[in-house]
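I have placed the structure first, in the form of structure tokens, so that the comments after it can refer back to it.
Chains as they are written, first to last, in the working numbering: chain A, 1 to 356; chain B, 1001 to 1356.
Here it is in structure tokens:
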């Protein structure tokens, strides 16, 4: 790897993502130069062992621009302006066409290759950073047509060093992809969540796990997501219009009592859930849910998972349903359909109250 | 309890919900009479110990109508027609105004009290039933203005016997509540999921946990949910129009580059997520997410939860993120914000790879 990425790596913006990349590079033995407009972030990231502040005259093999969405274009341009002959510049912004357009005419454009790691956290800032943040996550590499092959390889090496899975897409394809898999779902989740604001408490008493799942992402920072979604306005608007048209169809079907039309829309949604790649990138396997009542205090989940482990049945997913009004949690264990009966029998023989 | 619900209880429709209610009643020592148009369901439910088939001349203290949404009205009417002088009739349908309207003129209307347990399963039929299905779940009781107090008390006793938490609402309020907390979220989740159907696989490679959560409920049976949502068309249509209007605002904000407008819509959604009642019905407490990398084979989750249990920190929620492309799961543990550092330290000292 050191041949492909000799170092040093310069990280511009020592927030959550930038500092996590810096930590992963340091773990791989690569020198890291840090810069940030906040002296506090810079001190914190340095103190965490993520690298040392960049000094005048330092030249990096790879500059990673990790600044907020609205400042990406100018920061990439500044990095290209200051770059050495052999320096490659990437960024980790959530949208890719807009920052590329901002530097389209730059003399060193061939040495810019955008990228986007699909990882984050509810927290921000260098203190939340981790060298493992990207472990196993998709990381889009969005080379433009004029990008140098060596530049693309250097960015791919960074992705590898961070333990992420590279996904090669053009900038325009990337933006369409995240509009579909992230930005439009986020907006719709926000609209659903918005219908709960100000609702009567006795109505909200009927809230179940379903709407909690639908609205979870709407808990993200509005200022950040308005930058992200607003920065991908073209792709988002196209898809949002499609959703609006289908919402009008749904509204007509509901208002007209058109059950067949309603069922057809719901069936289209069901097909969509089946298009989502499954665990380890493979197709979704048929899973069955096993529900277990678990007393709500420390140690009980450990006892449950010890018994699950002893059964030899692997857990595909797990969910804790918070039962309003009583100190018992309902844990949903998703397992391969073919193993569900075995798990049920194993847990019941150990005294757990279960049902499918 | 036996004074308020002397038995026998008659369950009409021995599916998942009906058989689960029957099992809970049997556990409480109450006689149960079963009926179902499917002789197979009747045999299965009887075989599970849920009761015995109703014979001509049997008279129940409480009839529980648990048939599919589209047959509720006629089944409730038939139960009222056949009922004895002291028999109370309830149903467990997902909508409440329509079945009430179907029997509005009945001579025995005062002895009908609708209800709706907020519980279910991906599976259906008596084999999936469990006496614990309703444990800790909200169960709406929707008495109409003319309902007899003794009838309401008898239904509330059933809810108590099933271990559920009664929520008293008028039928119209109930239908508005579930439109908001269930039906509209389901429809919107379906519309989001629909945008994934037929999408390019390389775009879907960027799918993260967010859109999986948003679309999970869209995996439900379209035929069943078109009955449920279609049966609550009035309340759903009102709310869906609100969502459509806000979607138009979002579309304008995106298309016009109106970041402030977009941020305001997202902030409204954030406020909505905070309106959702928290664990045990209390207000949401501030939780922090702790992420742990876990090898994907049996026993590892047990080891993790044993170490979590030893830390003494209670887990509010847990989620397994399926990392495409590598055999490591990322487990997200949600804990009280004040305990997160303690849990991180405890897990790291036991060799787990963690980050917040």
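For glycine and all other residues, C-beta sits at the position ideal for the given N, C-alpha and C.
Q. Should residue 107/A be labelled buried (16 or more other beta-carbon atoms within 10 Å of its own) or exposed?
A. exposed
Q: Taking all protein chains shown into account, decide if residue 1338/B is buried (16 or more other Cβ within 10 angstroms of its Cβ) or exposed.
A: exposed
Q. By Cβ distance, which residues of its chain are closer than 6 Å to residue 143/A, with the 5 residues on each side in sequence left out?
A. 113, 152
Q: Tell me, please, whether the CB atom of residue 1081/B is closer than 8 Å to any CB atom in chain A?
A: no
**Q.** Length-filtered (3 minimum) beta strand (DSSP E) runs lying within the region 1196-1225 of chain B
**A.** none
Q. Is there contact here, the region 83-102 of chain A with the region 168-185 of chain A, by at least three beta-carbon pairs under 8 Å?
A. yes
Q | Beta-bridge partners of residue 291/A, as assigned by DSSP | A | 332/A, 355/A
Q.
Can you check whether the C-beta of residue 1157/B is within less than 8 Å of a C-beta belonging to chain A?
A. no
Q) Mind listing which residues of the region 1303-1317 of chain B have their C-beta closer than 9 Å to chain A's C-betas, in chain order? A) Taking 9 Å as the Cβ-Cβ cut-off against chain A, the residues of the region 1303-1317 of chain B that qualify are 1303, 1304, 1305, 1306, 1307, 1308, 1309, 1310, 1311, 1312, 1313, 1314, 1315, 1316, 1317.
Q | Whole-Å CB distance - residue 1200/B paired with residue 197/A, under 8 Å assumed | A | Rounded, the Cβ-Cβ distance is 35 Å, inconsistent with contact.
Q.
According to DSSP, is residue 229/A part of a helix, a strand, or is it coil?
A. helix
Q: Name the one or two DSSP bridge partners that residue 10/A has.
A: In the DSSP output, where bridge partners are listed per residue, residue 10/A has 33/A, 63/A.
Q | Uninterrupted beta strand (DSSP E) stretches inside the region 76-148 of chain A (no shorter than 3 residues) | A | 88-91, 114-117, 138-142
Q. Run through DSSP, which three-state label would residue 1254/B get?
A. In the displayed model, residue 1254/B falls within a helix according to three-state DSSP.
Q. Going by DSSP, what residues sit across from residue 1318/B in a beta bridge?
A. 1333/B
Q) Based on the DSSP output, what are the partners of residue 1052/B in its beta bridges? A) Per DSSP, the beta-bridge partners of residue 1052/B are 1033/B.
Q. At a CB-CB cut-off below 7 Å, which residues of chain B make contact with residue 109/A?
A. By Cβ distance, chain B contributes nothing, its closest Cβ being about 24 Å from residue 109/A, past 7 Å.
Q: Use the C-beta contact count for residue 272/A: other C-beta atoms within 10 angstroms, 16 or more gives buried, fewer gives exposed.
A: By the neighbour-count rule (16 or more Cβ atoms within 10 Å), residue 272/A is buried.
Q) Straight-line CA distance for residue 1164/B to residue 118/A? A) 40 Å
Q) Any Cβ of chain A within less than 8 Å of the Cβ of residue 1058/B? A) no
Q. In chain order, what residues of the same chain have a beta carbon less than 6 Å from the beta carbon of residue 262/A, not counting five sequence neighbours either side?
A. 253
Q: Give a yes or no on contact between the region 339-355 of chain A and the region 1080-1092 of chain B, applying the rule of three or more CB pairs nearer than 8 Å.
A: no
Q: Find the residues of chain B that neighbour residue 44/A, judging by a C-beta separation of less than 9 Å, and give them in chain order.
A: Simply none; closest approach about 14 Å.
Q. What does residue 1277/B reach in chain A if we use C-beta pairs closer than 7 Å?
A. From the beta-carbon of residue 1277/B, the residues of chain A found nearer than 7 Å are 204, 205, 207, 324.
Q.
Check this for me: beta carbons of residue 1115/B and residue 1015/B, under 8 Å apart or not?
A. no
Q) Would you call the CB atoms of residue 1078/B and residue 1013/B closer than 8 Å? A) no
Q. Span of the alpha helix (DSSP H) holding residue 39/A?
A. 39-47
Q) So does the region 36-56 of chain A actually touch the region 136-150 of chain A, counting three or more Cβ pairs closer than 8 Å? A) Under the 8 Å Cβ criterion, the region 36-56 of chain A does not count as touching the region 136-150 of chain A, having fewer than three qualifying pairs.
Q | Nearest to residue 1025/B (by Cα), restricted to the options 1062/B, 1056/B, 1054/B, 1047/B | A | Among 1062/B, 1056/B, 1054/B, 1047/B, the Cα nearest to that of residue 1025/B belongs to 1062/B.
Q: Would you verify that the beta carbon of residue 346/A is, or is not, closer than 8 Å to some beta carbon of chain B?
A: no
Q) From this set, 203/A, 239/A, 185/A, 230/A, which residue's C-alpha is nearest residue 218/A's C-alpha? A) 185/A
Q) Going by the C-beta, is residue 245/A closer than 7 Å to any heavy atom of the ligand ADP? A) Here there are no bound small molecules, and the ligand ADP is not part of this structure.
Q) Can the beta-carbon of residue 1251/B be found closer than 8 Å to that of residue 237/A? A) yes
(Q) For a cutoff of 8 Å on Cβ pairs, would you count residue 172/A as touching chain B? (A) no
Q) Between residue 1330/B and residue 347/A, what straight-line distance do the alpha-carbon atoms span, to the nearest angstrom? A) Per the coordinates, the alpha-carbon of residue 1330/B lies some 24 Å from the alpha-carbon of residue 347/A.
Q: Would you grab the beta carbon distance between residue 1293/B and residue 182/A for me? Rounded to a whole angstrom, and I think it's under 8 Å.
A: Actually they are not in contact, since the Cβ atoms of residue 1293/B and residue 182/A sit about 23 Å apart, beyond 8 Å.
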